[in-house]
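S.K.: Start counting the first sequence at 1; every next residue gets the next number (the UniProt record's numbering).
Cβ coordinates follow ideal geometry from the N, Cα and C atoms, glycine included.
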Amino acid sequence: MSETVWRVAIPSPLRRLFDYLPPDTPVSGPVAGRRVRVPFGSRQLVGLVVETGEADPAMPRSRLRRISRLLDEAPVVPADMLRLALWSVSYYHHPPGEVLEHLLPVALRRGEAATRSAERWWQLSEEGRHLSPGDLARAPRQQRILARLQQAGGALPAAELQDLGEGWQGVMRRMEEKGLVAGEERGLTVALPSEPVDGGVALNERQQTAVEAISSHLDGFSCHLLEGVTGSGKTEVYLALMRRILAQGRQCLVLVPEIALTPQLTQRFRDSLPARIGLYHSGMNERERRDTWLAARDGELDVLIGTRSAVFLPLKHPGLMILDEEHDPAFKQQDGFRYSARDLALVRARQQALPVVLGSATPSLESLRNARDGRYQALALPKRAGKAKPPLIRTVDLRGQDLDGGLSGQLLTALDRHLRAGNQALLFLNRRGYAPVLICNQCGWTADCSRCDARMTYHRGRGSLDCHHCGNSRRLPRACPECASEKLGVAGQGTEKLEQVLSRRFPDVGVVRIDRDTTRRRGEMDARLQAAREGRARLLIGTQMLAKGHDFPDLTLVGLVDADQGLMSADFRGPERTAQLITQVAGRAGRGEKPGEVLIQTRVPDHPLLETLIQGGYGAFADAALRERNEAGFPPYSHLALLRAEAHQREAVNAFLEEAVDEGSRRASQELLLMGPVPAPMERRAGRYRAQVLIQAEARPALHALLRDWAPWLEGLKSARKVRWSLDVDPIDLF
DNA sequence: AGCACGCCGACT
DNA sequence: GTCGGCGTGCTC
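#1: Who are the Cβ neighbours of Met-175 in its own chain at under 7 angstroms, not counting the five residues just before and after it?
#2: To which residues of the same chain is Gly-29 closer than 7 angstroms at the C-beta, ignoring the five residues directly before and after it?
#3: Please determine, among His-550, Arg-43, Phe-506, the residue with the shortest C-alpha to C-alpha distance to Ala-414.
#4: On a Cα-Cα basis, can you pick out the residue from Thr-4, Leu-273, Lys-178 that is closest to Arg-61?
#5: Measuring straight from C-alpha to C-alpha, what distance separates Pro-314 and Asp-298?
#6: Just checking, does the stretch 395-412 make contact with the stretch 576-594 on the three C-beta pairs under 8 angstroms criterion?
#7: At the level of alpha carbons, what is the spacing between Lys-389 and Gly-128?
#8: Grab the span of the beta strand (DSSP E) containing Met-284 for me, first residue to last.
#9: If contact is defined by three or more beta carbon pairs under 8 angstroms, each pair taking one atom from either stretch, is the stretch 494-504 in contact with the stretch 419-432?
#10: Does the structure place the stretch 317-331 close enough to the stretch 84-95 that three or more beta carbon pairs sit under 8 angstroms?
#11: Taking Cβ to Cβ, would you say Leu-419 is nearer than 8 angstroms to Val-509?
#12: I'd like to check one pair, Leu-727 with Leu-672: are the Cβ atoms closer than 8 angstroms?
#13: Do you know offhand how far Glu-651's Cα is from Arg-15's?
#14: Starting from the C-beta of Pro-78, find all residues in its chain whose C-beta is less than 7 angstroms away, skip the five residues before and the five after it, and write them out in chain order.
#15: Could you spell out the range, first to last residue, of the alpha helix (DSSP H) harbouring Met-242?
#16: Taking contact to mean at least 3 C-beta pairs separated by less than 8 angstroms, is the stretch 476-495 in contact with the stretch 435-444?
#17: State the DSSP-derived secondary structure class of Arg-66, mapped to helix, strand or coil.
#18: Check whether the Cβ atoms of Arg-475 and Ser-464 lie closer than 8 angstroms to each other.
#19: Taking contact to mean 3 or more Cβ pairs, one atom from each stretch, closer than 8 angstroms, check whether the stretch 616-635 and the stretch 589-602 are in contact.
#20: From this set, Arg-384, Ala-385, Asn-370, which residue's C-alpha is nearest Ala-378's C-alpha?
#21: Where does the unbroken alpha helix (DSSP H) through Glu-524 begin, and where does it stop?
#22: Going by DSSP, what residue range makes up the alpha helix (DSSP H) through Ala-414?
#23: Just to confirm before moving on: does the CB-CB distance between Thr-52 and Val-36 stay below 8 angstroms?
#24: Looking at the structure shown, is Phe-506 part of a helix, part of a strand, or coil, going by DSSP?
#25: Would you call the stretch 545-556 in contact with the stretch 346-364, where contact means no fewer than 3 C-beta pairs closer than 8 angstroms?
#26: If you run the structure through DSSP and keep just helix, strand and coil, what is Ser-340?
#27: Can you tell me whether DSSP reads Gln-352 as helix, strand or coil?
#28: Assuming residue 816 contacts Gly-47 (C-beta within less than 8 angstroms), just tell me the rounded distance between them.
#29: If you check the beta carbons only, do Arg-588 and Val-558 fall under 8 angstroms apart?
#30: Assuming Val-437 contacts Arg-455 under a Cβ cut-off of 8 angstroms, what Cβ separation, rounded to an integer in Å, is found between them?
#31: How long is the line joining the alpha carbons of Asp-291 and Ser-367, rounded to whole angstroms?
#32: Restricting to runs no shorter than 3 residues, where is the beta strand (DSSP E) found entirely within the stretch 562-645?
#33: For Asn-630, count the other beta carbons within 10 Å of its own beta carbon; 16 or more makes it buried, fewer makes it exposed. Which is it?
#34: Alpha helix (DSSP H) containing Asp-19: first to last residue?
#35: Determine whether the beta carbon atoms of Ile-67 and Leu-21 lie at a separation below 8 angstroms.
#36: With C-beta atoms as the reference, is Leu-381 less than 8 angstroms away from Ala-152?
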């Protein structure tokens, strides 16, 4: 008769759980989902109990160690989220301890108490409740406090009373002595319910149809792909659905690809939903994250807005999940536990019987295919809301042209025309810095990064050469380090140069550049966006950052300075990315009454992607791209996993990957294809050599059958210790 | 990943 | 004589 053990997920890179003897003290209630402190080797670690079970008979009893301490009196992680995490472990073939870590905010991972920060509240006593302001005629400050508390329904957190002015605490103290108010420590309520100012804008016909279609599936799993062109009003559809869910007393989880998109969405929600709204993203500190996490779990927040990691937010009464900009690659974690928040949202919805809405103007090919095959309900908002017209898009052939800072005559003329008319223009260039190449005109030397297979970018303002791949930076040399010539020149252009050229050419319109360099400082992004929104800046220059979300009402011209960057991408997802980016950027042009114009500069104006996109729109592009994926046997018509490895010695990488491929091929069934090892497209990065093996499968089960045994085997390899390696299931790029 | 243990080189 | 270099093995 073997004895009961607790199986614990330990924060370590090992792909297994560890068995422990239960604590000495008696325990009541379920243990799965509770945190424990356990001895692990020579250390004490915080682990999460996954289940109880019988000890492995092969394991000598003497090697079992005992749980040191039970940290929770009840499970911190609810059963439904534990289930999602365990599913992720088996799907991504990632160590359970590291996956389980993603379930908890950092503060709880460290073993801190699972309670929210306390906050001081003031509330009216019975006597205070019935007092009228006249009763405090001789104490105007007390009167004001009374009025505020009565207005708020009897209680307010101290934080909300700061505006009462210097010394209000003393006044409050006197009221406390009179028995009018009482102080109380409450668990932090992260938000008070917002008071909507608009009760819901009237929906147009298409929006209404979408809302109705989704609403008939709110009581179980369903997935809806809401394909809405920029400006078609997807947010109104979200809001209408959320209102229904909130009315049922259930919670909504809204995922967005990046933090920058949360403020405007939050404001929008506050304006039109009677809900307590919580945020969850990496810009918050540990305490804030813990408080929001616990409040979401305990049902004290109604709407949660977050980035990728918020897919793991527990909800007491989950009712709806929304993924906005579902195609965005930011939903896939790119290191460590490489999960896709979009795919996990779907799994979570299925497990927890929830509806999920995927929204995008440019859906991913995977989602489009799922919609076409009837796995998702396809809903379209094909027209811009109101009177807005789609923009006019054309290409500009750069071949044989004299350019000024990379700008063609046509683009400059168009800029002049739109700015003269008092409108705004946006120039998009996905390359920051002044110039991507510094070259010696005497001997041909170029400034290369010493740690990467890449050129260093010249930043004029800083007077430096920076590597955008590893952060390496050095001062701009005065002369060529090879031949000492002072004839150093640059080639190509980045946003910094664009800004310089355009400021000179259009000195009176206000030029503002928005990229990672100009928005590094806190609040700088907002300040610049604000200048653009208010019309103080009418010429906007930006990288990807500017492609999503932000709307400028007077923006009528969009120029893509260099479309060829994207068109030349070698990755199988390159065309999809490029089409999405062009469509998203183009969508910035023209709102309301003003028609928009889009100019795409290229040296390959007859590129099939561009022709299809311009003539048939994103839908036509997607049709063509899906056909190509099908013919080439790429996702979504096949399934991929990528084994990556990197090390300071190229030999260590090759040795590991070759052993991996040998063994993998031996184990793999016929339907699997192992390719590699091949060097990564940029082989050396930050001083490390990188290479990879691609595994391709027609059907998932065969792929997972291999990974299930192969991953633990790799973990045990001696050559694995000399490299950093990782498995990426459903990689989104092959680099 | 940590961390301990172990077996060889240049130092107070 | 030791401090410490990192190869190797283990973690219930």
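M.R.: If we stick to the structure as given:
#1: Gln-142, Ile-145, Val-181
#2: Ala-74
#3: Phe-506
#4: Thr-4
#5: 8 angstroms
#6: no
#7: 58 angstroms
#8: Met-284 -> no beta strand (DSSP E), and no H or E assigned at all.
#9: yes
#10: no
#11: yes
#12: no
#13: 26 angstroms
#14: Gly-33, Arg-297, Pro-314
#15: 234-247
#16: yes
#17: strand
#18: yes
#19: no
#20: Asn-370
#21: 524-533
#22: 409-420
#23: no
#24: coil
#25: no
#26: strand
#27: helix
#28: For the chain, the structure presents residues 1 to 735; residue 816 sits outside this window and is missing.
#29: yes
#30: 5 angstroms
#31: 34 angstroms
#32: 597-602
#33: exposed
#34: Premise fails: Asp-19 lies in the beta strand (DSSP E), 18-21, not in any alpha helix (DSSP H).
#35: yes
#36: no
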